[in-house]
Structure formats: structure tokens, C-alpha cells
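Using this note's numbering, the letters of the sequence shown map in sequence onto residues 8 to 425. Before any comments, here is the structure.
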Amino acid sequence: MKKQAKKIRPFLILFTLLMLVGCWDMEEIDQRAYVLGIGLDKTDVKGFIKITYLISNPEAGSTQEGGGSSEPTHETITFNASDFIQSQNIANAVIAKAITYDILDFFIVSEELAKDKDFVRWMYDATKDREIRRDSKIIVTKEEAKTFIDQNKPKLETRRHEYFETMFDHATEIGFIPNSQIHNFFRITEADADLFISAYATTEQDKVTAKKNIDANFIAGNLNVTGDTNPAQFLGSAVFKEGQMIGKLSVEETRLTQLLNKEATNPSFLVSFPDPFKKNYFITSRFIQINSPQITMDVSKQAPKIMVNLPLQAKILTDHSMVSYSDNEQKRSELKDHIKKGFEQRINNLLKRTQEEFKADLFGFSLEARKHFLTIPEWEDYDWMKSYPEADISVKVDITFSEFGRQSELPSYERIRD
Numbered sequence: 008m009k010k011q012a013k014k015i016r017p018f019l020i021l022f023t024l025l026m027l028v029g030c031w032d033m034e035e036i037d038q039r040a041y042v043l044g045i046g047l048d049k050t051d052v053k054g055f056i057k058i059t060y061l062i063s064n065p066e067a068g069s070t071q072e073g074g075g076s077s078e079p080t081h082e083t084i085t086f087n088a089s090d091f092i093q094s095q096n097i098a099n100a101v102i103a104k105a106i107t108y109d110i111l112d113f114f115i116v117s118e119e120l121a122k123d124k125d126f127v128r129w130m131y132d133a134t135k136d137r138e139i140r141r142d143s144k145i146i147v148t149k150e151e152a153k154t155f156i157d158q159n160k161p162k163l164e165t166r167r168h169e170y171f172e173t174m175f176d177h178a179t180e181i182g183f184i185p186n187s188q189i190h191n192f193f194r195i196t197e198a199d200a201d202l203f204i205s206a207y208a209t210t211e212q213d214k215v216t217a218k219k220n221i222d223a224n225f226i227a228g229n230l231n232v233t234g235d236t237n238p239a240q241f242l243g244s245a246v247f248k249e250g251q252m253i254g255k256l257s258v259e260e261t262r263l264t265q266l267l268n269k270e271a272t273n274p275s276f277l278v279s280f281p282d283p284f285k286k287n288y289f290i291t292s293r294f295i296q297i298n299s300p301q302i303t304m305d306v307s308k309q310a311p312k313i314m315v316n317l318p319l320q321a322k323i324l325t326d327h328s329m330v331s332y333s334d335n336e337q338k339r340s341e342l343k344d345h346i347k348k349g350f351e352q353r354i355n356n357l358l359k360r361t362q363e364e365f366k367a368d369l370f371g372f373s374l375e376a377r378k379h380f381l382t383i384p385e386w387e388d389y390d391w392m393k394s395y396p397e398a399d400i401s402v403k404v405d406i407t408f409s410e411f412g413r414q415s416e417l418p419s420y421e422r423i424r425d
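Here is the structure:
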């Protein structure tokens, strides 16, 4: 028995060591500082950028705390560094806990830095660190990223990671901003054929804002809002070409871009447009893209020919002219033609802007064009970036009505005011 025990003992010791081998570098949650967002700004020092950390406290406000904790939900720190990889160690000069990017959700980039031709040099550092997820988002801000982080103070969401997650989910669903993941930034930049768009935001409201809050004018800072609320506005998008910001899109243009892009998430959104039967009044409709656009293409010549059929479903929700479209076929036909012409005119204006101002494809048409080339060298020789500005593009919008509100039929205005 003693001999058997002596033989078994080494195996028991070895088995115990194997169980413990994965725990030697274990750290508790409260031993790490979780960076939720990284702000990037220009500096006067060549080769350096200004780094701002938004550090989230995952324990503050949680049910485990029992509501009795006085710990803040977050803290911020700003300093200069050569990159946001080395900055993890620099921050530990004042932050006691180990800096981690495990829950890093977004990069906030000032418009000034995004327009710098060297911006792409710093952004590509995100491909090196294994902690940085490829679904992290890029947010371009009108002001400095540091200012945006400091001034962005949600009233109802005390935990910052919940605020940004909810904001992005809802704003992308209704088409206010695009889903600007860094994975798509790298993919589109390296493909060298299309434009990339990212979310555009600000906490600074323009001194002169339009009295009419309509999609054509919607862009961060241009929304006229009053009240005791968070000043941050997420509206519109920043346009990148070859890794450098070259322009901005309004909410209307951002939505049209996503409608025409087969790879984008199909948005469902509310739009107000002029009433064709009553001047100075507007009709609100919910537009739903049930199917992706149908794209046919001819690339037999250097100037491609692109034909797009865009199917949209419209749900009419207001009727200030009190026409009662549900029982008036002629009025429905006129309304459908009015909506169709409005969409096609706005799309053509955006197409013209991409060909003349941006001089590049904003809608991912290149993915459809690739199918017509047998080899990669043939596709590269065609040079879509240079061919697109000369393209002949025609877009046809197909409108179908779903319903006209919960109560589809309204009494006439004259009858009510009689």
C-alpha cells in the first residue's frame, strides 16, 4: 500500500499544479481601469497626438453596489503621447490600476485631426493591439475630442457605456448616423475604391440654426434644441477618402447613402416632406426598405453604366390637408408620384456631389462591379476610383403604400369648421 501511495503522490501533485497554472496572472475587476473611449486630437508637437481617456467604472451604479456607493461612474485623463498604445503605460503615472482596452467601444476624433493626411498613421495602431476589437466605432467631432468628452453629460444614463451603446443602436437604426466600425474603415481604405462614412457629433450648438428642423439641414450642431438636457448631438456623417476626412453629409444624405448601399443595414425612419395639396404643411411618413436595391451594371467601357431600382414602403402617418388618401385613388397616385420625384431628385443631387466634389463611390457600387472581372489584376487596371466620376448612373425609386395610420379616413376640414 505504501508503495502504491508513493507512486500516486507525484501524479496528485502534478494534477494540482495543472489546475492552478491558469490562475497565476488572474486580476479582479477592481484591479483594472477600463477605457471606454479614446479621444484623439492634434498637438503642436510633431509626431505626437493628444490622448484623452474616458475610463468607465463598471462597479458604480450596479445592483451589487446596493445603491450606497459614492464612487464616480467615470473619470477622464488627457496627455500627449506618440500613440494610444504607449499611452497605456503613461496613464499609470496618475491612474493606479492597470489600463485595459477590453471594453473599448469607440474612438472620438476631432475634425481637425481627421482632416490631417497623417491621421491614418495613428488609426492603424488599432490593428496592432489584440485588446482592441474591430467593432469599435469612430466618432468625428466638430470640436476637440477632449472638449466633446468633457461636455457630453447624459442626464438619464449615469453609466457612460450604457449611454453610448444605446445612442449608437437607436441612432443607426433610424439612420441619423452610420454604423462606423473601424473594421469597415480599414476594409474600405485598403480596397481603395469607395468612401467610408463615420458618425458625426458635437456638443456645440451653432449660434445660427434653422427654425425648420428637417432632414436636409440636420447635421450635428445645427439642431435647434432648448431645455435642461445633454448638449451632445449625433447627426450626420463624416466622409473619408483614402483614410482622410474630406467632407460631411447631412442626415438626409446619410440615409440615402445607406438606402443605396446593399451592404448597409436597412434603416427604418420617419421623414417629413411638403404636402403636395396644401402649401406650408408637411406630411410625415415612415419609410421602410424591405428589400435591398437591385443594381445592374455595364463595365464594358471605361465609363461604367449603373442602373439602380430602389424599393421603398411608405406608411403615411399625418394628413394635415385632410385628403383621406385611403379612399381616394387619384390623390394616392399623385402623392406617390410626389414622393417618388422627391426621392429621385435628392438622390441625383447626392450622386452629383459624389462625382464632382468627392470624386469617389459613396454607395459600395464597386462590390457589384467586381463581379464583372475575372481576375484581380483586371479589376485593378479598371481603377474604379478614377472610373466612378465618369459613370452614367440612373436611379428609379419604387414606392408602395402600406397603410395610412391607425385611422385611415379623416373627415374634411370644411365639414369640421362648418
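Note that the Cβ used here is the ideal one computed from N, Cα and C, for glycine as well. Nothing here was measured: the structure is a model prediction, and the numbers come from that model.
Between GLN240 and THR209, the alpha-carbon positions lie close to 6 angstroms from each other. The DSSP-derived three-state label of PRO281 is strand. Every alpha helix (DSSP H) stretch that sits fully inside the stretch 140 to 228 and reaches 4 residues is listed by chain position as 152 to 158, 167 to 180 and 189 to 198.
ILE406 has its alpha-carbon roughly 12 angstroms from the corresponding atom of GLU341. Close CB contacts of THR361 within its chain, under the 6 angstroms cut and outside five residues either way in sequence, are with LEU369 (chain order). Looking only at PHE126, ALA310 and ARG39, the smallest Cα-Cα distance to GLY46 is reached by PHE126. Inter-segment contact for the stretch 137 to 148 and the stretch 179 to 190 is present: three or more beta-carbon pairs are separated by less than 8 angstroms. Within the DSSP bridge table, the entry for SER117 names THR148 as partners. Within its own chain, the residues whose Cβ lies closer than 8 angstroms to the Cβ of ILE204, once the five positions on either side in sequence are excluded, are PRO185, SER187, SER244, ALA245, VAL246, PHE247, LEU256, THR261, THR264 and LEU369, listed in chain order.
Between the alpha carbons of LEU61 and THR236 lies a gap of roughly 20 angstroms. Boundaries of the alpha helix (DSSP H) harbouring SER394: 391 to 394, taken from the DSSP string. The beta carbon of ASP109 is closer than 7 angstroms to those of TYR41 and GLU138 in its chain, skipping five residues each way along the sequence.
No Cβ-Cβ contact shorter than 8 angstroms links ALA121 with ASP48. LYS57 is the residue among LYS57, ASP90, ILE92 and GLN93 whose C-alpha sits nearest the C-alpha of ILE84. Taking 8 angstroms as the cut-off, the beta carbon of GLN296 is found closer than this to the beta carbon of LEU319. Contact between ILE115 and ILE146 holds: their C-beta atoms lie close to 5 angstroms from each other, under 8 angstroms. Of the candidates ILE92, GLN337 and ASP201, ILE92 places its Cα closest to the Cα of ASP136. Looking at ASP112, ALA133 and PHE183, the one whose alpha-carbon comes closest to that of GLU172 is ASP112. Listed in chain order, the non-local C-beta contacts of PRO311 below 7 angstroms within the same chain comprise MET304, ASP305, ALA376, SER394 and ALA398, local neighbours out to five positions each way being set aside.
A Cβ-Cβ separation of about 18 angstroms leaves ARG166 out of contact with LYS104 under the 8 angstroms criterion. The DSSP-derived three-state label of GLU270 is coil.
Ranked by how close their Cα comes to the Cα of TYR170, the residues VAL278, SER63 and ASN298 have SER63 in first place. DSSP, reduced to helix, strand and coil, places LEU61 within a strand of the structure shown. Under DSSP, ARG293 takes part in a beta bridge, and its partners are LEU277 and LYS322. The residues GLU341, LEU342 and HIS345, in chain order, have a CB closer than 7 angstroms to that of PRO283 in the same chain once the five nearest residues on each side in sequence are set aside. Across the structure, VAL258 and LEU230 are spaced so that their CA atoms are roughly 11 angstroms apart. The continuous alpha helix (DSSP H) containing SER94 extends over residues 94 to 97. At a Cβ-Cβ threshold of 8 angstroms, ALA321 and PHE408 count as neighbours.
Residue pairing of ARG39 in beta bridges, as defined by DSSP: ALA105. For ASP344, the enclosing alpha helix (DSSP H) begins and ends at 336 to 360.
Pairing GLU150 with ASN99, the inter-Cα distance amounts to about 27 angstroms.
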